[in-house]
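Have a look at the structure below, then the notes.
Protein chains: 2
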Amino acid sequence: MKNGHLFQHIPAELPEEISESLLTAGNVRIERIVSKGHRSASDFWYDQQQNEWVVLLKGEAGLRFEQDELPIHLTPGMYVNIPAHARHRVEWTSASEETVWLAVFY
Amino acid sequence: MKNGHLFQHIPAELPEEISESLLTAGNVRIERIVSKGHRSASDFWYDQQQNEWVVLLKGEAGLRFEQDELPIHLTPGMYVNIPAHARHRVEWTSASEETVWLAVFY
């Protein structure tokens with residue numbers, strides 16, 4: 003789908019985190035991710051081939067880089083650039099509302 | 003700046019629309035655009051070399067493609083993909099609050 007709405011079409015129940023590709027073109031991919039209380043598995047670290055620019059648009063989350071002792075507390079509007087292979091994990095997301103992320107992989 | 007906040011650091015007065023590059027890498031550029039009552043000049047049409055994926059995150063705007071009779075009324079969360087050379091213009095943006103756009107050129 004080329005046009006759409008980031009805050010609509012969210013299922014009432016979210017047993018799993020949802021990732022949807024909104025656009026793919028060449029080496030660029032734009033994804034919407036919706037979490038609700040989800041977090042990375044214990045001791046799991048993302049170690050991605052691509053760079054990721056991500057903004058949190060709704061909800062709240064704790065994003066931790068392996069090199070840092072504490073997670074970054076993300077609230078709506080905050081964006082972070084995650085270079086390829088910068089190991090990171092989602093420590094927590096809000097359990098009381100959906101957390102909507104927009105990620106640009108490049 | 004690699005990390006930041008889309009809804010902060012907005013000047014109190016916006017005599018001109020503001021476009022800031024948040025990230026540039028290869029053929030990808032991510033921009034924040036802040037408008038307040040701004041619109042494209044009469045009879046001006048954007049005709050861009052690059053594709054643009056744009057989402058409105060705050061405020062309201064009317065985005066018109068030349069091929070369409072009426073603008074699309076964008077409210078927060080709505081995104082539109084604008085292929086290269088798809089002629090378009092901003093017919094209006096809210097005069098009462100800032101309109102914040104996030105654009106990914108690719």
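Here the protein sequences come in this chain order: Z and S.
Here the first sequence is numbered in this note's numbering, starting from 3 and rising by one per residue.
Here the second sequence is numbered in this note's numbering, starting from 3 and rising by one per residue.
Note that CB positions come from ideal geometry on N, CA and C, so glycine has one too.
No experiment lies behind these values; they were computed from the predicted model shown.
Q | Of the residues TYR48(S), LEU59(S) and ARG41(S), the one placed nearest ALA88(S), counting alpha carbons only | A | TYR48(S)
Q: Quick one: which residues of the region 49–61 of chain S get their C-beta closer than 9 Å to a C-beta of chain Z? List them in chain order.
A: ASN53, TRP55, VAL57, LEU59 and LYS60
Q) Between the region 18–52 of chain Z and chain S, which residues of the former have CB atoms less than 8 Å from a CB of the latter, in chain order? A) LEU24, LEU25, ALA27, GLY28, ASN29, VAL30 and ILE32
Q.
Between HIS90(S) and chain Z, is any beta-carbon pair separated by less than 9 Å?
A. no
**Q.** Min CB distance GLN10(S) to chain Z below 9 Å
**A.** yes
Q. How about PRO73(S): is its C-beta nearer than 9 Å to some C-beta of chain Z?
A. no
Q | Rounded straight-line distance, which links the Cα of ILE35(Z) to that of ILE32(S) | A | 18 Å
Q. Taking the Cβ atom as the reference point for each residue, do VAL56(Z) and TRP103(Z) lie within a distance shorter than 9 Å?
A. yes
**Q.** Secondary structure of GLY28(Z), DSSP reduced to three states
**A.** coil
Q.
Counting only beta-carbon separations shorter than 9 Å, does PRO78(Z) have a partner in chain S?
A. yes
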